[in-house]
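Residue numbers (our numbering), protein chains in the order written: chain A, 746 to 1261; chain B, 333 to 811.
Positions of the beta carbon are idealized from the N, C-alpha and C atoms, including for glycine.
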């Protein structure tokens, strides 16, 4: 057997095969060695590695230490720890508004600001906060009141901007959090913090934790799926990267699987001409066999992840076309979501897909909508962004509700931060810009486990600082996990000598006021 | 010492022999007189007075619990003293403390009522009961020595018993003032309520069932027959609609012009926020009900409001724990591998049960496959049979899933015939029939299901008319 250059195992040292002994004895020894290797190595790592695919998905996890790090909720696994308690929500849909939607123009109604037009934000409000390089050099910080009027909606009489006429119809079904706040002021750290609980890259994201902790409900689709939405050419092209849905130190099979926004949802998923299912199966069996041998030699658990992903891709060859086939949707679907939803890759289409994934047992779907980074031309950009998202958000929640899925599906709408009350660049009655603002921003949740029809937290008169019930990113993530039956302090994974968790070492608390 | 002529013979021994104690008697009589005159000196005119009065007065709820404790202790000590005489010796001291604390609480109470501008019959009665209590505690103090010396055996026990009754009356009124008159009866079990005529709502109208209890609990303390702050009373429909000194508080059909709604939705630190004085704000759903009720005419008699169902207000029955299935796990795994359906634990606690998931093999999962799971039926609390091949014939099997709380049958071929066979599933709260061919007639079979709260009928012949669906997209069966 070939010795791996990094192998320090004495078993890999000089072998009997190199000794001057009769060939018959060598053959006998080889037979013994095979058995010893089989028992020794596989016993050390994952006993039934060779039978991985036969034993079903939970054996394909590739955990380095199944006893310490196994968290699956599946009955077919070997024991289970999660969920910690009976969850209200079995799955979640996260509508990620990347770029930082301006809370002042959408949710956080500040009628007093109209009178303060073009006055400077008082220093006492800004305090010693460090601003971004984009506005730190501004001589003035003139207050830009929202360009759009607000109206009260629903039985709760919640104020909502005229930019969100559809979302406004369902305010009674939402828990609106006005006091979300973050520590990061720039996109990459802020968006990493929202998704992985840490500003530095390399930690598993929320979806990966959920896939790891709760396991799959549908073996034919990934547990965690990511949908990217198309961008209007005018919108700010602030990018998002795949590490936002990466699995960090968890096995890579827990990483989000992205569906493309144009063309085939998954590249090269369909078999080429002349290759039928049978051929594909044979090929995969052979590749899996080779991978298994590699695993036996090197013991790298990522090999299992690779085998699992090939198998998943094989099953997705039939499940994804069925998932993406919208031809059987009733006309009421299109009345609800609008014609936009017929065009693959639009936010509306993705929301419809998210509902279809929820129906099919996908544990966590994250829909990214970029373009909210409105540093300038707020009055030009916001109507476009809201037209793309407002109706679709309403349609998704309403659709889940009428189909009886909202009872056990958590829906979260959030960006990575808010935007400043003061104008970035020139302020006129017609237009203004807004810079990044971490100290307060508005997010909403609904569905399983959420107390709906409430507004949680308050900001000051300038929508600058939180004055009541602050919700940190850690708290938000702890609350999301709680809705899914997970105690954020208990779902940990040993890595680099630490019990790693989504909410990190700084204390976080579940926001009881948001729970039903 | 001569005994007053109007006293019955034998009462003489009540009166003290010594000069010092005679002086104490005299002082007590003066104090009683002052106490009786107090309400006429400090008139409760319903107007707030000095802030300092209120500041001190607000310690009344704190101080008021002292005399309660002391007074209850006195008879306890007296009775226990029959067996351990040392206890009886301390009773006199405790009685003195009781009187002193009564006096303190009374003064603070008067300051609170006068300073805060409380008025009304409940406050007046509470005040008089407080005065009566203080006086009877004082009389007890005076009567005790002669009872202790075995000269007058009956006066003190009778006074003490009377004192207890006055205490109960005063304390109950105080409680009603702070917590609302229906505080004790609100969560009284229904069988008990039937015996107490004033505890049971007389009508099934939305106002009586839902709005009135909110007002009773949160508002009537200050805006009722007892006190009527701002000239507003909310203890009856007519009074409520009449409004207060700032005009009507409810404008039928116009929630945004209704003062009541405006005040309860202000920011809690706003001066005009209601409920005032740091009481907890109304819950969002309560505000929603009030808004919907005003929006739809603020009627005293309408039984239901369009677009609003308060089915959830009744608590869902606590889930029936299932037996431990851990021993069956190997068998469950074998079944999982053989058949492809998953049985997933709801949580790490076996008592939370299992969820049946069929999504992997939905097209092949039919009535026969369901029947194979019967062995695990008592452990399954939720069955996800959406998009499977099950038919009406599955109802016979499902009837044996006795712990089932949620049942998904969406987009299956069931038509609903025989839905009534699910009647043994007393735990069932959720039933999803969306995208099936169930008819309204079939759904009607569900009306007798006691705990069933969420029935989804989207895309079925039984779906409610679009107008109703617009207002309330979830079809719920209200009962």
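Contact list for residue i against chain A, beta-carbon separation under 8 Å
{"i": "residue 623/B", "result": "900, 901, 902"}
{"i": "residue 788/B", "result": "1147, 1148, 1149"}
{"i": "residue 286/B", "result": "Only positions 333 to 811 of chain B appear in this structure, which leaves residue 286/B out of reach."}
Inter-residue CB distance, residue i and residue j (contact presumed, cutoff 8 Å)
{"i": "residue 750/B", "j": "residue 713/B", "result": "The pair is not a contact, with the Cβ atoms about 22 Å apart (cut-off 8 Å)."}
{"i": "residue 945/A", "j": "residue 937/A", "result": "7 Å"}
{"i": "residue 853/A", "j": "residue 1208/A", "result": "5 Å"}
{"i": "residue 932/A", "j": "residue 848/A", "result": "That belief does not hold up - the Cβ atoms of residue 932/A and residue 848/A are roughly 16 Å apart, past 8 Å."}
{"i": "residue 1258/A", "j": "residue 597/B", "result": "So it is not a contact: roughly 17 Å between Cβ atoms."}
{"i": "residue 879/A", "j": "residue 1169/A", "result": "6 Å"}
{"i": "residue 774/B", "j": "residue 744/B", "result": "Incorrect: roughly 13 Å between the Cβ atoms, too far for contact."}
Residue i CB to nearest heavy atom of the ligand COA below 6 Å
{"i": "residue 408/B", "result": "As presented, the structure is devoid of all ligands, the ligand COA included, so that no description of it is given."}
Beta carbon of residue i nearer than 7 Å to that of residue j
{"i": "residue 431/B", "j": "residue 470/B", "result": "yes"}
{"i": "residue 512/B", "j": "residue 553/B", "result": "yes"}
{"i": "residue 990/A", "j": "residue 971/A", "result": "yes"}
{"i": "residue 1201/A", "j": "residue 1180/A", "result": "no"}
{"i": "residue 436/B", "j": "residue 385/B", "result": "no"}
{"i": "residue 563/B", "j": "residue 574/B", "result": "no"}
{"i": "residue 828/A", "j": "residue 1225/A", "result": "no"}
{"i": "residue 1162/A", "j": "residue 845/A", "result": "yes"}
{"i": "residue 942/A", "j": "residue 993/A", "result": "no"}
{"i": "residue 1248/A", "j": "residue 1222/A", "result": "yes"}
{"i": "residue 387/B", "j": "residue 440/B", "result": "no"}
{"i": "residue 1193/A", "j": "residue 1154/A", "result": "yes"}
{"i": "residue 1029/A", "j": "residue 1055/A", "result": "yes"}
{"i": "residue 1236/A", "j": "residue 958/A", "result": "yes"}
{"i": "residue 858/A", "j": "residue 1158/A", "result": "no"}
{"i": "residue 1050/A", "j": "residue 1084/A", "result": "no"}
{"i": "residue 1198/A", "j": "residue 663/B", "result": "no"}
{"i": "residue 679/B", "j": "residue 1103/A", "result": "no"}
{"i": "residue 500/B", "j": "residue 367/B", "result": "no"}
Under 9 Å by beta carbon: chain A residues contacting residue i
{"i": "residue 588/B", "result": "897, 902"}
{"i": "residue 783/B", "result": "By Cβ distance, chain A contributes nothing, its closest Cβ being about 15 Å from residue 783/B, past 9 Å."}
{"i": "residue 772/B", "result": "Correct list: empty, because the minimum Cβ distance to chain A is about 17 Å."}
{"i": "residue 597/B", "result": "901, 902"}
Under 7 Å from the C-beta of residue i: neighbouring residues of chain A
{"i": "residue 689/B", "result": "962, 1106"}
{"i": "residue 619/B", "result": "901"}
{"i": "residue 749/B", "result": "Correct list: empty, because the minimum Cβ distance to chain A is about 21 Å."}
{"i": "residue 766/B", "result": "1148, 1149"}
Cross-chain neighbours of residue i in chain B, by beta carbon under 7 Å
{"i": "residue 831/A", "result": "678, 679, 684"}
{"i": "residue 1230/A", "result": "679"}
{"i": "residue 1199/A", "result": "616"}
{"i": "residue 917/A", "result": "620"}
{"i": "residue 965/A", "result": "692"}
{"i": "residue 1075/A", "result": "791"}
Identity of the residues DSSP links to residue i by a beta bridge
{"i": "residue 727/B", "result": "Residue 727/B is not bridged to any residue."}
{"i": "residue 865/A", "result": "887/A"}
{"i": "residue 1201/A", "result": "922/A"}
{"i": "residue 1179/A", "result": "1168/A"}
{"i": "residue 1028/A", "result": "Its beta-bridge partners do not exist; DSSP assigns none."}
{"i": "residue 788/B", "result": "764/B"}
{"i": "residue 555/B", "result": "560/B"}
{"i": "residue 714/B", "result": "687/B, 738/B"}
Contact set between residue i and chain B, taken where Cβ atoms lie within less than 8 Å
{"i": "residue 1244/A", "result": "Neighbours of residue 1244/A on chain B: none; closest Cβ ~18 Å, over 8 Å."}
Inter-stretch contact (C-beta, 8 Å, three-pair minimum) for the region 753 to 766 of chain B and the region 1101 to 1118 of chain A: no
Pairing CB atoms from the region 973 to 992 of chain A with CB atoms from the region 1004 to 1022 of chain A, are three or more of them under 8 Å? yes
Hey, is the region 1083 to 1093 of chain A in contact with the region 953 to 968 of chain A, meaning 3+ C-beta pairs nearer than 8 Å? no
Should the region 881 to 901 of chain A be called in touch with the region 923 to 935 of chain A, which here means at least 3 C-beta pairs below 8 Å? no
On the three-pair Cβ rule with 8 Å, is the region 622 to 636 of chain B touching the region 587 to 603 of chain B? yes
Kindly confirm or deny that the region 446 to 454 of chain B and the region 467 to 482 of chain B touch, where touching means at least three C-beta pairs closer than 8 Å. no
Are the region 728 to 739 of chain B and the region 697 to 714 of chain B in contact at 8 Å, needing three or more beta carbon pairs? yes
Check whether the region 1121 to 1136 of chain A and the region 898 to 917 of chain A are in contact - that is, three or more C-beta pairs closer than 8 Å. yes
Could you check whether the region 490 to 509 of chain B touches the region 454 to 468 of chain B, counting it as contact only if at least three pairs of C-beta atoms, one from each stretch, sit closer than 8 Å? yes
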